[in-house]
Amino acid sequence: MKYRKTVLFFIVVFLSLLFLFPPLFAQEKEIRIGVLYPLSGAAATIGRDLQRAAELTAEIINNKTPGVDIPMAQWGGIPNLGGAKIKLIFADHRGEPDRGADLAKRLILDDKVVGLMGAYHSSVTKTVSAVAERHGIPMINDSSTSPELTKRGLKWFWRTTPHDDIFNKDLFELLKGLTEGKVKGVKAFPKDQLKNVAYACENTEWGSSVAKSIEGFAKEYGFNITKRILYNANSPDLTSEAKALVSVKPDVMLFASYLSDSLLMIRTLKGMKASTNFFWGQDAGFEMADFVKTLGTDTNGVLTRTVFIAKIAKVKKVAGQVNALYKKKYGDDLTGATARSVVGVQTWAYVLNKAGSTDPKAIQKACNEINIPANDLVMPWAGVKFDATGQNILGRGLIGQYQKTKEGMIDLEIIYPFELATANMIYPFPGWK
Amino acid sequence: MALIDALLQGILMGLLFALVALGLNIIFGVMNIVNFAHGEFLMIGMYTTYWTSLLLDIDPLLTLPVAALVGVLLGIASYYSLIRYLLRGPAIAQLFGTFGLMLFLRYLAQFLFGIDYRIIQKGLLIGKSLSIGPFIFDWTKLAAGILSLFAFAFVYYFLNKTKTGKALQATSINKEAASYMGIKTDKMNAIAWAIGGGTVGIAGGLLANFYYIYPTIGILFVMIAFACVALGGFGSIKGVFFAGLLVGILEMVFPVFGSLVNSDFLGPHFKFTIVYLAYFIIVVFRPQGLFGWKN
Chain C
18 MKYRKTVLFF
28 IVVFLSLLFL
38 FPPLFAQEKE
48 IRIGVLYPLS
58 GAAATIGRDL
68 QRAAELTAEI
78 INNKTPGVDI
88 PMAQWGGIPN
98 LGGAKIKLIF
108 ADHRGEPDRG
118 ADLAKRLILD
128 DKVVGLMGAY
138 HSSVTKTVSA
148 VAERHGIPMI
158 NDSSTSPELT
168 KRGLKWFWRT
178 TPHDDIFNKD
188 LFELLKGLTE
198 GKVKGVKAFP
208 KDQLKNVAYA
218 CENTEWGSSV
228 AKSIEGFAKE
238 YGFNITKRIL
248 YNANSPDLTS
258 EAKALVSVKP
268 DVMLFASYLS
278 DSLLMIRTLK
288 GMKASTNFFW
298 GQDAGFEMAD
308 FVKTLGTDTN
318 GVLTRTVFIA
328 KIAKVKKVAG
338 QVNALYKKKY
348 GDDLTGATAR
358 SVVGVQTWAY
368 VLNKAGSTDP
378 KAIQKACNEI
388 NIPANDLVMP
398 WAGVKFDATG
408 QNILGRGLIG
418 QYQKTKEGMI
428 DLEIIYPFEL
438 ATANMIYPFP
448 GWK
Chain W
44 MALIDALLQG
54 ILMGLLFALV
64 ALGLNIIFGV
74 MNIVNFAHGE
84 FLMIGMYTTY
94 WTSLLLDIDP
104 LLTLPVAALV
114 GVLLGIASYY
124 SLIRYLLRGP
134 AIAQLFGTFG
144 LMLFLRYLAQ
154 FLFGIDYRII
164 QKGLLIGKSL
174 SIGPFIFDWT
184 KLAAGILSLF
194 AFAFVYYFLN
204 KTKTGKALQA
214 TSINKEAASY
224 MGIKTDKMNA
234 IAWAIGGGTV
244 GIAGGLLANF
254 YYIYPTIGIL
264 FVMIAFACVA
274 LGGFGSIKGV
284 FFAGLLVGIL
294 EMVFPVFGSL
304 VNSDFLGPHF
314 KFTIVYLAYF
324 IIVVFRPQGL
334 FGWKN
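Protein chains in written order, with this note's numbering: chain C, 18 to 450; chain W, 44 to 338.
As structure tokens, then:
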């Protein structure tokens with residue numbers, strides 16, 4: 018009787034300990050990372066795609082994945098943390114900066130995440146990173162490109178993607194290349210065919226910073242900006258914006274638009290029979306899978322800056338392998354945005370592995386010292402290595418062009434950098450007939 | 044020339060804005076209820092046109108009767124299943140009730156149709172433009188403007204020339220007196236919701252010809268519709284018509300004017316500031332709106 022009581026006593030003690038300190042007895046440790054994306058509202062489509070890419074990457078890291086030639090695919094968890102699994106906790110900021118900040122606080126205080134990732138919209142990343150900074154929690158930003166974000170002297174913020182200054186420089190290099198005959202399949206054009214530049218950018222943090230950056234480079238490269246438009250991406254009608262653009266008969270039209278406004282803008286311009294020589298979009302709306310799915314062949318000849326084009330698989334094996342996994346699961350190719358989400362989660366895994374701890378200080382140190390080799394990335398980058406501001410200095414951009422194939426489908430071909438070009442550029446922009 | 048062009052384009056958009064706002068105003072006029080779900084009715088009209096034209100492989104313009112019918116049924120169903128019960132509660136219940144309906148319809152659409160953006164690719168007028176001298180009109184917008192005008196004329200005729208329409212107006216002016224005269228308030232309310240749903244259904248069908256379709260699209264237009272209703276006068280059909288036109292013209296002419304005088308300050312990013320400024324001024328000097336008579 019006494020013996021049974023003792024056994025019972027120890028069982029009760031054991032169970033209560035288990036209840037009080039589950040991590041002590043947990044079979045597998047997990048590391049929580051808070052990921053903020055726009056999962057509802059006007060940007061829900063991109064949020065969903067980003068979430069899918071992030072989840073797929075976490076799966077690759079957490080389980081041994083054959084057929085992917087990246088070391089992390091054979092890890093089955095974070096090696097230096099005893100095989101701990103990465104658990105992504107998603108939060109929906111709906112594209113609202115104040116909501117993003119609230120959610121970040123909740124993720125840090127309630128969900129006890131070891132770090133943050135996101136938030137796609139630069140405006141939201143700005144407020145989220147401010148919260149992370151205040152709490153001393155590391156944030157790795159995968160896909161916000163406003164240059165200002167890494168100019169704020171933050172100690173807990175790192176960005177893997179190149180920013181808009183780098184992309185806009187690429188744009189002007191391409192324009193310059195056109196005048197010098199460097200572009201595949203296009204003879205040199207006199208500069209006065211491209212001199213007259215007009216832009217329309219959405220008017221939040223991201224679009225206005227793109228506008229500012231375009232201004233700077235136009236001056237540097239000697240192009241003349243004849244129309245500057247900042248517009249509200251949630252406007253029910255963009256006719257007046259499109260009219261204003263067309264009114265100056267620009268040779269070059271540049272856009273920084275999210276998805277809904279890019280669709281509306283192109284439809285509106287088409288209705289006006291607008292014509293120009295060079296039609297370029299700054300990523301975001303222009304390079305999403307839904308952009309082509311929705312507009313179809315109306316996108317023929319449209320250029321977009323990006324960081325990833327499925328055709329990169331021709332020169333980069335791992336890009337093709339990860340893309341194939343994604344495509345098999347979700348039916349779409351990876352895009353510049355979703356591929357950056359892959360790199361974001363991957364960077365988190367490498368950083369955690371290097372830190373060998375979930376202590377914020379250790380992670381901070383690891384972030385500052387991390388150096389991910391080019392071969393491990395799906396991107397055509399030289400690697401991931403942060404400078405003192407937290408900006409990855411080894412990233413680079415691509416410029417792609419949507420081109421109609423013989424079968425009437427649309428392919429995204431690489432046009433810039435010139436040495437990676439996969440097709441002749443269509444120039445001038447064919448317009449909508 | 045650019046200003047005349049902007050004026051014409053503004054009128055086309057304005058007619059559509061007015062049609063969107065019309066249903067909102069009729070419901071408010073008759074029942075004193077603000078229908079927050081109005082934008083979602085619009086969204087459902089758009090999806091109706093999209094799916095009908097896609098599945099039956101017919102021109103999107105031919106689907107307008109279907110969109111109108113779906114709108115009418117939606118209006119009636121909303122009234123009999125929800126609004127009628129809300130009327131028994133305090134005013135705040137009506138506010139929350141239609142707000143709840145808005146969320147329900149929005150997320151139901153998201154659940155059923157997903158969060159992908161859709162655009163109608165095929166249609167008689169889609170992608171075609173009409174050039175008259177220096178002016179270029181998108182055929183879909185031209186058709187939307189003209190058909191909106193017809194829809195408006197039809198509703199105006201119905202309200203002023205038919206017995207039911209007059210009864211509806213009587214209820215709108217004085218519910219109690221109308222019911223003493225033997226007009227059934229309940230029936231009138233249902234008719235108001237039917238017209239409200241039907242007109243916004245047509246507006247959605249027209250809009251779907253040149254606009255992208257998305258579960259949360261309603262909010263973009265319903266804000267404008269609220270401004271039109273307040274600007275034109277609560278309950279006034281004439282008012283909402285002119286207010287819609289005014290909003291359309293202001294948002295189109297203002298940025299073009301700014302562009303002519305080469306001012307970045309008068310750019311398109313402030314176009315709705317001007318619209319709401321006009322609203323503010325009118326509300327200060329004429330609180331009942333341009334043609335309103337209700338307090």
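A virtual CB, placed ideally from N, CA and C, is assigned to each residue, including glycine. In this text, all values refer to a predicted model and were calculated from it rather than measured experimentally.
List, in order along the chain, the chain C residues whose C-beta lies closer than 8 Å to that of residue i?
| i | result |
| --- | --- |
| glycine 261/W | Ordered by position in chain C, no residue passes the 8 Å Cβ test against glycine 261/W, which lies about 10 Å from the chain. |
| glutamine 137/W | By Cβ distance, chain C contributes nothing, its closest Cβ being about 26 Å from glutamine 137/W, past 8 Å. |
Name the chain C residues that come within less than 7 Å of residue i, Cβ to Cβ?
| i | result |
| --- | --- |
| serine 302/W | Ala261, Ser264 |
| tyrosine 93/W | What tyrosine 93/W touches in chain C: nothing, since even the nearest Cβ is about 12 Å away. |
| tyrosine 160/W | Thr62, Leu276, Ser277, Leu280, Asp307, Thr311 |
| phenylalanine 264/W | Pro253 |
| alanine 45/W | Ser264 |
Since residue i meets chain W, which of its residues come closer than 8 Å, beta carbon to beta carbon?
| i | result |
| --- | --- |
| arginine 151/C | Within chain W, no residue comes near arginine 151/C; the closest Cβ sits about 31 Å away, beyond 8 Å. |
| alanine 59/C | Tyr257, Thr259 |
With a threshold of 8 Å between beta-carbons, can residue i be considered close to chain C, or not?
| i | result |
| --- | --- |
| tyrosine 172/W | Looking at the sequence itself, residue 172/W is serine, so the reference to tyrosine does not match. By this cut-off, serine 172/W is an interface position. |
| alanine 340/W | The question about residue 340/W has no answer here: the residues shown for chain W are numbered 44 through 338. |
| aspartate 181/W | yes |
| valine 299/W | yes |
| histidine 312/W | yes |
| isoleucine 317/W | no |
| tyrosine 322/W | no |
| phenylalanine 253/W | yes |
| isoleucine 267/W | yes |
| alanine 209/W | Strictly speaking, residue 209/W in this sequence is lysine, with alanine absent from that position. Output row for lysine 209/W: interface = no. |
| glutamine 164/W | yes |
Quick check on residue i - is its C-beta less than 8 Å from some C-beta in chain W?
| i | result |
| --- | --- |
| threonine 62/C | yes |
| alanine 438/C | no |
| leucine 247/C | yes |
| phenylalanine 42/C | Reliability of the predicted coordinates at phenylalanine 42/C is poor, the pLDDT of 46 falling under 50, and no value is obtained from them. |
| proline 253/C | yes |
| methionine 7/C | Beyond the ends of chain C as shown, which are 18 and 450, falls residue 7/C; an answer cannot be given. |
| arginine 65/C | yes |
| methionine 270/C | no |
| arginine 322/C | no |
Whose C-alpha, out of the options, is nearest the C-alpha of residue i?
| i | options | result |
| --- | --- | --- |
| alanine 61/W | Val113/W, Ala80/W, Val290/W | Val290/W |
| glycine 57/W | Ala270/W, Ile324/W, Tyr160/W | Ala270/W |
| glycine 318/C | Ile48/C, Leu342/C, Pro447/C | Pro447/C |
| glutamate 196/C | Gly233/C, Lys310/C, Ser225/C, Gly239/C | Residue identity check: residue 196/C is threonine in the sequence provided, not glutamate. Out of Gly233/C, Lys310/C, Ser225/C, Gly239/C, Gly239/C has the C-alpha closest to the C-alpha of threonine 196/C. |
| leucine 437/C | Lys344/C, Gln418/C, Lys423/C | Gln418/C |
| glycine 373/C | Lys186/C, Ala61/C, Ile48/C, Ala341/C | Ile48/C |
| alanine 149/C | Ile125/C, Met282/C, Tyr137/C, Ser163/C | Ile125/C |
| methionine 145/W | Lys165/W, Gln164/W, Gly118/W | Gly118/W |
| isoleucine 329/C | Trp173/C, Leu171/C, Val214/C, Ala440/C | Ala440/C |
| valine 359/C | Lys346/C, Lys371/C, Asn340/C | Asn340/C |
| glycine 208/W | Leu55/W, Met231/W, Leu190/W | Met231/W |
| aspartate 109/C | Ile77/C, Gln68/C, Asp86/C, Val85/C | Gln68/C |
| valine 395/C | Lys143/C, Asp404/C, Thr355/C, Trp365/C | Thr355/C |
| glycine 361/C | Gly58/C, Val85/C, Lys22/C, Met156/C | Met156/C |
Can you tell me whether residue i sits near the ligand PLP, meaning its C-beta is under 7 Å from at least one heavy atom of the ligand?
| i | result |
| --- | --- |
| glycine 337/C | Absent from the structure shown: the ligand PLP. Ligands present: none. |
Could you tell me which chain W residues have their CB closer than 7 Å to the CB of residue i, listed as they occur along the chain?
| i | result |
| --- | --- |
| lysine 287/C | Gly170 |
| lysine 290/C | Ser172, Ile179 |
| arginine 357/C | Here the premise fails: no neighbours, minimum Cβ distance about 20 Å. |
So residue i contacts chain C; which residues on that side make the cut at Cβ distance below 9 Å?
| i | result |
| --- | --- |
| methionine 295/W | Asp254, Thr256, Ser257, Lys260 |
| methionine 89/W | Neighbours of methionine 89/W on chain C: none; closest Cβ ~13 Å, over 9 Å. |
Could you list which residues in chain W have their beta carbon closer than 9 Å to that of residue i, in chain order?
| i | result |
| --- | --- |
| arginine 116/C | Those within 9 Å of arginine 116/C in chain W number zero; the least Cβ separation is about 15 Å. |
*Listed in chain order, which residues of the stretch 191 to 202 of chain W have Cβ atoms closer than 9 Å to some Cβ of chain C?*
none
*asked:* So within the stretch 257 to 328 of chain C, which uninterrupted alpha helix (DSSP H) runs reach at least 4 residues, ignoring any that extend past its ends?
replied: 276 to 288, 306 to 312
*Inside the stretch 184 to 223 of chain W only - alpha helix (DSSP H) runs reaching at least 4 residues*: 206 to 216, 218 to 223
*Between the stretch 209 to 221 of chain C and chain W, which residues of the former have a C-beta closer than 8 Å to a C-beta of the latter?*
Those residues of the stretch 209 to 221 of chain C that come within reach of chain W (Cβ to Cβ, closer than 8 Å) are Asn220.
*Mind listing which residues of the stretch 70 to 81 of chain C have their C-beta closer than 7 Å to chain W's C-betas, in chain order?*
none
*asked:* Extract the residue ranges of the alpha helix (DSSP H) inside the stretch 74 to 114 of chain W, only unbroken runs of 4 or more that lie entirely within it.
replied: 81 to 98
*Between the stretch 51 to 63 of chain W and chain C, which residues of the former have CB atoms less than 7 Å from a CB of the latter, in chain order?*
Gln52, Met56
_Ranges of the beta strand (DSSP E) found wholly within the stretch 49 to 122 of chain C, counting only runs of at least 3_ = 102 to 109
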